[in-house]
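The structure under discussion appears below in the form of structure tokens.
In the UniProt record's numbering, the protein residues as written are 1 to 73.
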């Protein structure tokens, strides 16, 4: 049973990876907009940029790990 659940949450294709990255980007954008409301000015924009940068880093890691898994298989 645990194996079936683990397979359900495993990213297998690039399409699935891009869907996950898209979801992360949506969440980060909403969080950034919230930061702009709470912290007006440069601090809000800095936090907005940090949210976006985190998605770029996470997306790159997801795609790299998918390519590595494909190369090892």
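Beta carbons: idealized from backbone N, C-alpha and C, even for Gly.
Member of the options whose CA lies at the smallest distance from the CA of residue i
i          : options      : result
residue 21 : 59, 33, 64   : 59
residue 15 : 62, 40, 5, 2 : 62
Nonlocal neighbours in the same chain, by C-beta distance under 6 Å from residue i, ignoring five residues either side
i          : result
residue 44 : 35, 36
residue 4  : none
residue 31 : 51
Beta-carbon contacts of residue i that lie in its chain and below 7 Å, excluding the five residues immediately before and after
i          : result
residue 2  : none
residue 17 : 11, 62, 63, 66
Cβ pair residue i, residue j closer than 9 Å
i          : j          : result
residue 33 : residue 48 : yes
residue 51 : residue 28 : yes
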